[in-house]
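Peer 1: The UniProt record's numbering puts the sequence shown at residues 1 to 636. All C-beta atoms in this analysis are idealised placements derived from N, C-alpha and C, irrespective of residue type, glycine included. This one's a predicted model, so the numbers in the text were calculated from it and none came from an experiment.
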Amino acid sequence: MEDLFRGKDIISRDEYYSKLVNSLLDVIFTNEYLHESTSRVTAAETVKVSTTPVFPSIPWGQENDDFEVLVRVEAPPEASRRSPVDLVAVLDISSSMNTRAAPSDESSRLDLLKRAMKFIIGKLDSGDRLAIVAFNNQIVEEYGTRLLDMSSGGRRDVRRRVDELTARGSTAFRPGLCKAVKILDERSDGRNRAGFILFLSDGKDKRGIKWSMEVGISAALRKYPVHTFGFSGSHKPNALLFIAQESRGTYSFINENLASITSAFAVCLGGLKSVVAVDERISLVAPKHGGVQLKSIDSGGEGSHISGDGASGEIVIGAMYAGEVKNFIVRLHVPSVDLDIGNGKVAVSKHQLLLTATRHLHAVNGVGENGGSASLSVQRPGALAVQQQVVASALVVNHIVRFRLVEMVAKFVQGLDKVVATIDRVKADELQGRWEEFKEAHKFWGGVELWRFEADIKVMVTGLLHGGGRSGVAYLYSWVSSYQMQRATTMGSTEKVAAEFLTREMGFMLNEAHKTPVWLVEEEDPFVLRSDTTDETEAPRGCGRRVHGVQHDVIDPRLQMWSKLKREVPLMFRQSEETESRHLTAVFREASLETINRAMHHDIYLAVVHDRSLRRCYSGNASEQRVECTSTTDPC
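1) For the alpha helix (DSSP H) that Gly-463 lies in, which residues bound it at each end?
2) Would you be able to state if there are at least three C-beta pairs under 8 Å between the stretch 56–67 and the stretch 322–339?
3) Please name the residue or residues paired with Met-320 in a DSSP beta bridge.
4) Cβ atoms of Val-133 and Lys-179: under 8 Å apart, would you say?
5) On the three-state DSSP scale, how would you describe Val-413?
6) I'd like to confirm the pairing. Which residues does DSSP put opposite Val-292 in its beta bridges?
7) Spatial neighbours of Val-448 within its chain, please: C-beta separation below 7 Å, excluding the five flanking residues on both sides.
8) Applying the 10 Å Cβ sphere with the 16-neighbour rule, what's the burial state of Arg-425?
9) Quick one: Cα of Ser-471 to Cα of Thr-52, how far?
10) Tell me which residue opens and which closes the beta strand (DSSP E) that Arg-129 is part of.
11) Using a Cβ-Cβ cutoff of less than 6 Å, which residues in the same chain neighbour Phe-29 once the five nearest sequence positions on both sides are dropped?
12) Tell me, please, whether the stretch 161–170 touches the stretch 92–111 by the rule of three or more beta-carbon pairs shorter than 8 Å.
13) By the DSSP assignment, the alpha helix (DSSP H) with Leu-152 in it spans what residues?
14) Run through DSSP, which three-state label would Pro-53 get?
15) When you compare the CB positions of Phe-403 and Asp-298, do they come within less than 8 Å of one another, or not?
16) Between the alpha carbons of Leu-464 and Asp-309, how many angstroms are there, rounded?
17) With Ile-261 and Phe-231 assumed to form a contact (beta carbons below 8 Å), what rounded beta-carbon distance in angstroms separates them?
18) If you reduce the DSSP assignment to three classes, tell me which class Asn-64 lands in.
19) Rounded to the nearest angstrom, what separates Ser-481 and Pro-237 at their Cα positions?
20) Counting only the same chain and skipping the five closest in sequence on each side, list residues whose C-beta sits under 6 Å from that of Leu-272.
21) At what residues does the beta strand (DSSP E) containing Phe-199 begin and finish?
22) With distances taken between CB atoms, is the gap from Gly-300 to Gln-414 smaller than 8 Å?
23) I need the boundaries of the alpha helix (DSSP H) containing Gly-176, first residue and last residue.
24) Mind checking who Ile-297 pairs with in its DSSP beta bridge?
25) State the DSSP-derived secondary structure class of Val-397, mapped to helix, strand or coil.
26) For the alpha helix (DSSP H) that Ser-247 lies in, which residues bound it at each end?
27) Under 8 Å, do Asp-202 and Asp-125 count as touching if we go by C-beta distance?
28) I'd like to know whether the C-beta atoms of Leu-148 and Asp-157 end up nearer to each other than 8 Å.
29) So, does the stretch 129–143 touch the stretch 87–105, judging by three or more C-beta pairs under 8 Å?
30) Going by alpha carbons, who is nearest to Arg-359 out of Val-409, Gly-323, Lys-114 and Leu-284?
31) Between Gln-352 and Ser-393, which are expected to be in contact by the criterion C-beta below 8 Å, what is the C-beta distance as a whole number of angstroms?
32) Since Glu-280 and Thr-503 are thought to touch, with beta carbons under 8 Å apart, how far apart are those beta carbons, to the nearest angstrom?
33) Going by the beta-carbon positions, is the gap between Ile-306 and Leu-294 smaller than 8 Å?
34) Can you give, in chain order, each stretch of the beta strand (DSSP E) that sits fully within the stretch 84–146 and has at least 3 residues?
35) In this structure, what does DSSP give as the bridge partners for Gly-230?
36) Taking the alpha helix (DSSP H) that Ile-306 belongs to, which residues open and close that run?
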């Protein structure tokens, strides 16, 4: 570990913090100068809803039975405040987790899982709560925990349970899932806190259950989003996708570099830590008069329904993360307009109200409220306008085509869990053929950007041909999950994430996973004081009071400062509508976080060096060796 900072001068603590504070003040001053005319994200900035028609007008004498409207729901780029979450991690510890992660790596799959879980434990805030459910063919109670606050004590306890995990037995998914739901159901304050489940497995359910609507667990799954992770190429993607779809979660998998499971968790955690709404719903209401009716809603993986008379409908989104944008297509029946005849003249209304979309939510602070609304009206011109060409909205058309493409791929993957190597080429050719037909059917649609999906389809086809069958299938499943939920998933590696769904907070957390030194994860957690493992004795002169593990009076306030600083830095940066200003904001934000990370790692390094010095102070026979400890940084 000392090699990480070899050749760097060790400065005094006062000088160190002085330089850090000055650097941060420089960043803050520069940011204020760049954005003095903009406003900070406040609680007033919330999720917005908007509507866009496929055509701006419908001639008064024309009936349209399939008039498309884009309903767009957009969360603010930043949460005005950090909202605590309850997270249950359901971990597969069957015997296959003892398999080596790679031929050149001594680490097992379980070792990498432990490392990933320790990253999550370190990144959760003190207001968050975490529970562990370990399973093989049944619940392994000795490794499980209840929901624990991520204070120093809770963080220590859950980390210890992760360290104790031992892989054995076969695999059964259902017990672990039911246990996780039960833990969240039993919360007395659950109404005011968002609850999520992380589910990881490297294999398939050995009980032979066909994961479909007949499993009888769908009602339980719909209570909380379950984000599933397939670990290695041997996992069963269809079961994990079903669990994710039923719960409105996501399905990710890692098979190219198993060590990147930490990064896959980081993408998910970045979203969970930036929840701005828990129960987001959009009500859709047609006007009482005029004959407009709702016909259908393309909502992907989100829930939706329409009343029997077509007068109203609803889109059920659930949790929304800061920076997320959700798009939906609503189809309306729009009748022709009756003529108003007065004084011998024909009069036609210039505008007609077609739809009103209103937000209803249970906010993260536990307060139910009605959000904003958006009303959609279109022009109803006279007969002369029929002869004029009306251009469709490229934005709406592209989303219509996207929903059709996702539906096409979703239908294709049905039954792909039965694919074996001998028919991979058949399935690859079939998918390529469907894509060519899809492009041909939409080639004359104005403004359609099918080229955006060309690379994705190529990866799918190549995966079926050369990916060993199951990994190619897993990519298709994860792609479908990402585009149905309009949310980032990891499709084999963290280099394969749909960039348009990767929010700012997900990117920050992913960056943290890439930057965090392995020694901060593998060694005894420097962020946790092991005060219960008592070995408190009188220290040699100059060493101060020592609690087994770390220096209590030095490490604790130091780490509290770092945690507070890293949480508050994003709030220092204001938003701007200008592209260049947004880019500069991102650059300065990233630079400041990188500076803090480097400083934190160096600071913790000095603390660990000091702790090792203390270990040397206590080692050996005092009667044979006199040890003097006078420095807080240099070894004794």
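Peer 2: With the given structure in hand:
1) Note, Gly-463: alpha helix (DSSP H), 451–466.
2) In short, these stretches touch, since the Cβ pair count reaches three.
3) Ala-277, per the DSSP bridge assignment.
4) Yes. Within cutoff.
5) DSSP, read as helix, strand or coil, puts Val-413 in helix.
6) DSSP, once it has assigned bridges, lists no residue as partnering Val-292.
7) Contacts found: Val-397, Asn-398, Val-401 and His-442.
8) Looking at its Cβ environment, which holds fewer than 16 other Cβ atoms inside 10 Å, Arg-425 is exposed.
9) Their Cα atoms are separated by approximately 39 Å.
10) Per DSSP, Arg-129 belongs to the beta strand (DSSP E) from 129–135.
11) The predicted position of Phe-29 is uncertain, since its pLDDT is 39 and thus under 50; a value taken from the coordinates is nonetheless stated next. If we look at Phe-29 and ignore the five residues flanking it on each side, it has no Cβ neighbours.
12) Contact between the stretch 161–170 and the stretch 92–111 is present: 3 or more CB-CB pairs across the two stretches fall below 8 Å.
13) Residue 152 is actually Ser in this sequence, not Leu. Counting along the chain, the alpha helix (DSSP H) containing Ser-152 begins and ends at 152–164.
14) Strand at Pro-53.
15) Going by C-beta atoms, Phe-403 is nearer than 8 Å to Asp-298.
16) Those two C-alpha atoms are separated by around 45 Å.
17) Rounded, the Cβ-Cβ distance is 6 Å, consistent with contact.
18) Looking at Asn-64 - three-state DSSP - the assignment turns out to be strand.
19) CA-to-CA, the gap between Ser-481 and Pro-237 works out to about 11 Å.
20) Excluding five sequence positions before and after Leu-272, the CB atoms of its chain that fall closer than 6 Å to its own CB belong to Val-85 and Phe-196, given in chain order.
21) Here the beta strand (DSSP E) through Phe-199 covers 194–201.
22) Not closer than 8 Å, so no.
23) Looking at the DSSP string, the run of the alpha helix (DSSP H) that includes Gly-176 is 173–185.
24) Paired residues: Val-330.
25) Correct three-state label for Val-397: helix.
26) Where Ser-247 is concerned, the enclosing alpha helix (DSSP H) starts and stops at 237–247.
27) In this structure, Asp-202 keeps its C-beta atom at 8 Å or more from the C-beta atom of Asp-125.
28) Yes.
29) Three or more beta-carbon pairs drawn from the stretch 129–143 and the stretch 87–105 are found closer than 8 Å, and the two stretches are therefore classed as touching.
30) Selected option, being the one with the closest Cα: Leu-284.
31) Not a contact, Cβ separation roughly 18 Å.
32) A Cβ-Cβ separation of about 15 Å leaves Glu-280 out of contact with Thr-503 under the 8 Å criterion.
33) Remark: C-beta atoms of Ile-306 and Leu-294 approach each other more closely than 8 Å.
34) Whole beta strand (DSSP E) segments, 3+ residues: 85–92, 100–102, 105–108 and 129–135.
35) For Gly-230, which the question treats as bridged, DSSP gives the partners Ser-201 and Phe-253.
36) DSSP places Ile-306 outside any alpha helix (DSSP H); the residue lies instead in the beta strand (DSSP E), whose first and last residues are 303–306.
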